[in-house]
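These notes concern the structure reproduced below.
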Amino acid sequence: MRQVEPTGSFVFQKKCNKCPPVLVGAFEVIEQNGLKETTEISECPRGTMEQDCSHHFYIHEHQPEGCSRVMTRQCGDEGCSRGLANQTWYWGDSSKDLIASAMSGCENGTFCVRDASTKGDYTLTLRFGESNKLIKIIVSKGRCGFAPEELKFDSVVQLIDYYKRNSLKEYNRQLEVGLIYPLRRPNIDKTMWEIDGVHSVEHLLCQLRGLHAAHTRILRFDDQISAELDSLREELQRKRQARAAFNAAHALFLKQMELITKNKDMLTSESELAQININIELQQRRLDSIRNQQEQMTEQMAAIEARIKESEKSHSELTPKLSALHTELNRCQFRLCQLNVPQAVVDKEIQEVSFLTDAEPEPLSRILMQFHIRWQPDRFLSVDCTKENGMKIVRALMDCNPNNSDGIFVIRPSSSQANHYALTISNDNHIYNCLIEHRFVRCLHVSSIASILAASDVPLADLKHKTKNWIMDGLEGPEDSGGAPLIKFPRLSPKIRNFVGRIQCSHTRTRMDVKHPESCGYAFRNTKLFFPTLVDFVRYYSHCSMKEHNSQLDTRLKMPAFKGTL
């Protein structure tokens, strides 16, 4: 097609010569010389330029003489992607390997959708039978589906919603499962983060534990504030109704007083006058009582409104903190995913921290909420440092900071106690090594949570009671020959499933003190102050002295040993 310049600012672009044009229509176009010309408009599958692979065509609407309007539309199957970007299970252009790593160890029915290698199509990744099934979602002519002859859905979101309610057996007889658990992609652009060898998995897991504990702690208090707000608003509504009733009663008694006073002037008998005076006195006492109750009600309402205002202020202060922590959690989980850490490992860490944070004493929670964390884990935690190397590192930093040599520290694995840590710290030109106990949470030894999710009519209260007894008695249920307990509860409700999921933290036995969950976590030896995470341990002692643990350590954690890269 030759280039045409109609009146106005509209310019036709030259079409690609590599593709045969497809006739779209013939339209009148007004040339710059004022003459009308009928022009055929064609569509090129490759677009207006050779390097452009999108579909473009031009529609020239017939206008009154003297003007011309050109509208550009892009054809294709954009309708099928409507609302897709807002879905938590949509992973965009993520690679197959990244999703496979994230889905490792997940339950049957876990799913996500990513862009397919074929442009415009999508791939549904489904966890089924301990493997990942890849199902292509074909998009054509504004419709989508699993097969070219069965494009039944207007959008990918509609397709996913349908198979959330219905089994995929309709598509494949072997897939007797629905889309149950969406695999949530962290809401973060992966190009924002670059992973290198310095970012160890242990540092990121430590950061994950600290972030989740802080998020859970604030979320718990936010829930308490929300519940308190609901209760206060209900109470305020009741007080308002009561005040309205008092106002109505006050008006009624005033009207009666006016009527009695008016009738008093009509009486002549002394006995009747005495009786009506008694009645007036009684009505007056009732009026005074109602006024007092009105005043008390007004004061109570003012106090409730003040508490509501204070709670709303606290809630508004917690909201941005929750949002920031949520974003940091997403980033941390995404980076772990990039390092091929299975989702099951991440879930295990989160479940254990949730258990410990829920058991945390409220005064300690309030203190930790007020303290900010000064450093990321890679600033203070070494995963392969020996006692001798730790002391050398601290001594070197002391020599570099002779005027500020107290509180230089590094946390490392204990060389004498397995699964424990040690704090190497300087004070008064000496270096101390302190054991940090790590008491694990131990939960029911179940080979897979899927074995519990088999469905039963056992009430939630009974399940909690039985499970609690198994834990308290140190039992793990009847075991099969493979050492896994035979614990099956059919038709599990979501509440029961959530409870079972909370009590199962790993597939292997770990140590536990369920009778005293507040004594699990991280703490100096022979102290009772336990923290859910190592990050919280550092958070607390970076603001508080350690002299309660050791009288010679009247210092805080002031300077971590490393620069850090997180």
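In the numbering used here, the protein residues as written are -19 to 546.
Idealized CB from N, CA, C, for every residue including glycine.
Note on H195: 16 or more other CB atoms within 10 angstroms of its CB, so buried under the neighbour-count rule.
Close CB contacts of R165 within its chain, under the 6 Å cut and outside five residues either way in sequence, are with W71 (chain order). No residue range can be given for H400, since it is assigned to no alpha helix (DSSP H) and is classified by DSSP as neither H nor E.
Per DSSP, the unbroken beta strand (DSSP E) holding I118 starts and ends at 111 to 120. Cβ contact annotation for L305 (same chain, cutoff 8 Å, sequence separation greater than five): L191, A194, H195, I198, in chain order. Around the C-beta of A503, 16 or more other C-beta atoms lie within 10 Å, and the residue is accordingly described as buried. D516 is a Cβ neighbour of L348, given a cutoff of 7 Å. Contact holds between the stretch 208 to 216 and the stretch 284 to 292, because three or more Cβ pairs, one in each stretch, are under 8 Å apart. Sorting V326, H400, Q331, F351 by C-alpha distance to the C-alpha of S362 places H400 at the top. Judged by DSSP secondary structure, V333 falls within the alpha helix (DSSP H) whose first and last residues are 323 to 338. Spatial neighbours of H418 in its own chain (CB-CB distance under 7 Å, excluding positions within 5 residues in sequence) are listed in chain order as N399, H400, Y401, Y502. Counting C-beta pairs closer than 8 Å gives three or more between the stretch 93 to 105 and the stretch 117 to 124, which meets the contact rule.
Counting along the chain, I284 sits inside no beta strand (DSSP E); it lies in the alpha helix (DSSP H) bounded by residues 250 to 318. By the neighbour-count criterion, in which a residue is buried when 16 or more other Cβ atoms sit within 10 angstroms of its Cβ, R519 is buried. Excluding its 5 nearest sequence neighbours in each direction, F226 has C-beta neighbours in its own chain below 8 Å: I270, Q273, Q274, M277, listed in chain order. Taking all protein chains shown into account, Q313 has 16 or more neighbouring C-beta atoms within 10 Å of its C-beta and is therefore buried. For Q217, the closest alpha carbon among the candidates K242, A282, L188 is that of A282. Contact annotation, E340 with P512: C-beta distance approximately 6 Å; criterion of less than 8 Å satisfied. Judged by their CB atoms, L377 and I391 are not nearer to each other than the 7 Å cut-off. Setting aside the 5 residues that flank it on each side, Y143 is surrounded in the same chain by G158, L159, each with a C-beta closer than 7 Å to its C-beta; the list follows chain order. Taking all protein chains shown into account, H183 has 16 or more neighbouring C-beta atoms within 10 Å of its C-beta and is therefore buried. Under a 10 Å Cβ-count criterion, G387 is classified as buried, with 16 or more other Cβ atoms of the shown protein chains found around its own Cβ.
With a 10 Å radius around the Cβ and a threshold of 16 neighbouring Cβ atoms, D534 comes out exposed. For S75, the closest alpha carbon among the candidates E156, V93, Q187 is that of V93.
A distance below 7 Å between beta-carbons, with the five flanking residues on each side excluded, links A82 to the following residues of its chain, in chain order: L163, C317, Q323. Within 10 angstroms of the beta-carbon of Q331 lie 16 or more other beta-carbons, which makes it buried. In the DSSP assignment, N413 falls within the unbroken beta strand (DSSP E) covering 410 to 419.
Bounds of the alpha helix (DSSP H) holding F233 are 181 to 244. Judged by DSSP in its simplified three-state form, N369 adopts helix.
Within the same chain, Cβ atoms closer than 7 Å to the Cβ of K149 are found at L155, E156, the five residues on either side in sequence being excluded.
In this model, N257 and E250 are separated by some 10 Å (Cα to Cα). Q532 counts as exposed, since fewer than 16 other beta carbons sit within 10 angstroms of its beta carbon. With contacts defined as CB atoms closer than 7 Å, V321 and V181 qualify as a contacting pair. Here C60 really is in contact with G122; their C-beta atoms are around 7 Å apart, less than 8 Å. Cβ-Cβ separation between L209 and E329: approximately 32 Å, too far for a contact (criterion under 8 Å). Per DSSP, the continuous beta strand (DSSP E) segment holding R392 begins and ends at 388 to 393.
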